[in-house]
Structures are given as structure tokens and as C-alpha cells.
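Heads up: the sequence shown begins at 0 in numbering that gives the first Met the number 0, then just goes up one per residue.
Using N, Cα and C, we set each Cβ at its ideal position, and we do this for glycine too.
Down below is the structure, laid out as C-alpha cells.
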Amino acid sequence: MQPKKFTGKLIAIDMYNCGVNEVNDTERAKTLLQEGCDEYRMNSRELLVCQEEGQSEYSISVLCKQGHVTLHVYPKLGFIAADIFSCYDDADPAGMARYLRSAFDCDKAKITLLDRGDFGSKYDMKPNHRSNIKFIRRTQNVTKNVGAQLKKMMLKPRGI
Numbered sequence: 000m001q002p003k004k005f006t007g008k009l010i011a012i013d014m015y016n017c018g019v020n021e022v023n024d025t026e027r028a029k030t031l032l033q034e035g036c037d038e039y040r041m042n043s044r045e046l047l048v049c050q051e052e053g054q055s056e057y058s059i060s061v062l063c064k065q066g067h068v069t070l071h072v073y074p075k076l077g078f079i080a081a082d083i084f085s086c087y088d089d090a091d092p093a094g095m096a097r098y099l100r101s102a103f104d105c106d107k108a109k110i111t112l113l114d115r116g117d118f119g120s121k122y123d124m125k126p127n128h129r130s131n132i133k134f135i136r137r138t139q140n141v142t143k144n145v146g147a148q149l150k151k152m153m154l155k156p157r158g159i
């Protein structure tokens, strides 16, 4: 008996310091998500928005052909937790992940990639992690380190 072949991809993204206009406006977030699903061939079937009355947090789920895209949005924190899953061959979940980071204008993103359904391997659930930081934020971190190193060097006593 041949082992089953199943090639599902799950991408989980934590997006920090997202654009205020994108996260505060539920309709704009829905539009951005739908446009991304169309552009990256996720083949969306139905879009659902869940938001409790009086709450700023909300979730948007798009049911797709052989997958889904879900956003959990926290406007007060500027944070979005996104899940992208697809086992549809023509879909581009990695492209969708890049699109979401760009469309929601996040400063920093933590990305976890997971291959689902390798029935013959015990390592199929081991995730790969990546981080993505905007260039301006990266240069701010570098200048802090350079300043500290320069200060340390200047205060160091000179040898005779």
C-alpha cells in the first residue's frame, strides 16, 4: 500500500505595529483580505467577520478552496495574528503572507511555516521560524549598538 501524499502548508504570522488605518477599519481590512485572496489564487468561497458589540477586536475568516485565511485583529495593540492554510496546488500561500505583511503595513513580523500531512515522517510537525523587520527599525537597532560600542571605547582607559 502506497503512503498517502498530502501537501498542506500552514503559515502563521504575528504582525506587530500594523498601520492604524488598516486595523481600525473593519471594512478596509475585509477589502484587503479579499484582494489578497484573489491575487494569490486562494479561491475564496465565503468571508465571515466576527466582532462582539462594544469590542474593538475582531476576526475575519475567508473560507477558500481546500484551505482558509484567518485574521485576528487587535486594533488597540496594532497587532494581527494571521493563519494561512492551503493544500490547493495553484494557491500561493507564501505570496499571500508577503501580501498581508505589506498590506497591513507592519513593522515587524514573526512567521512560522509548517508542512502538514507527511504521513511517513515523524518530523512533519516541526515548524520553521522566520522574522521580518522593516529596514528603518533595523537601522535604529544598529545605531543603538554602535553608540554603545563607541561610548565604551571612549571611556576605556588608555594604556601607557
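Exercise. Report yes if the C-beta distance between G77 and N16 is below 8 Å; otherwise report no.
Key: Stepping through the sequence shown from its first residue, residue 77 is reached at position 78. Stepping through the sequence shown from its first residue, residue 16 is reached at position 17. A contact, by the Cβ cut-off of 8 Å.
Exercise. Can you tell me which of the three DSSP states Y87 falls into?
Key: Taking the sequence shown and counting its residues from 1, the one referred to as residue 87 is at position 88. Looking at Y87 - three-state DSSP - the assignment turns out to be coil, as it is neither helix nor strand.
Self-check item: Contact between the stretch 45-53 and the stretch 108-115 (3+ Cβ pairs under 8 Å)
Solution: no
Practice problem: In the DSSP assignment, find the alpha helix (DSSP H) that holds G35 and state where it starts and stops. | Solution: To locate residue 35, count along the sequence shown from 1; it is residue 36. It spans 25-38 - the alpha helix (DSSP H) in which G35 sits, taken as one unbroken run.
Self-check item: Same chain, Cβ closer than 6 Å to P74, five either side skipped, listed in chain order
Solution: To locate residue 74, count along the sequence shown from 1; it is residue 75. For P74, where only same-chain residues beyond five positions count, the Cβ hits under 6 Å are V22, N23, S55.
Quiz item: Could you give the residue range of the alpha helix (DSSP H) that holds C94?
Solution: Here residue 94 refers to the residue found at position 95 when the sequence shown is read from its first residue. Residue identity differs from the one stated: residue 94 is Gly in this sequence, not Cys. Looking at the DSSP string, the run of the alpha helix (DSSP H) that includes G94 is 92-102.
Practice problem: Could you have a look at E51 and say whether DSSP puts it in helix, strand or coil? | Solution: To locate residue 51, count along the sequence shown from 1; it is residue 52. In this structure, E51 counts as coil in the three-state DSSP scheme.
Exercise. Indicate whether M41 and R100 have their beta-carbon atoms separated by less than 8 Å.
Key: Your numbering for residue 41 matches position 42 in the sequence shown. Your numbering for residue 100 matches position 101 in the sequence shown. No. Outside cutoff.
Quiz item: Of the choices L62, T30, D89, whose alpha-carbon is the least far from that of D82?
Solution: The count along the sequence shown starts at 1 and reaches residue 82 at position 83. For D82, the nearest C-alpha among the options comes from L62.
Practice problem: Can you tell me which of D104, I132, A108 puts its alpha carbon nearest to the alpha carbon of G18? | Solution: As a working note, residue 18 is residue 19 in the sequence shown. Residue D104 is the option with its Cα nearest to G18.
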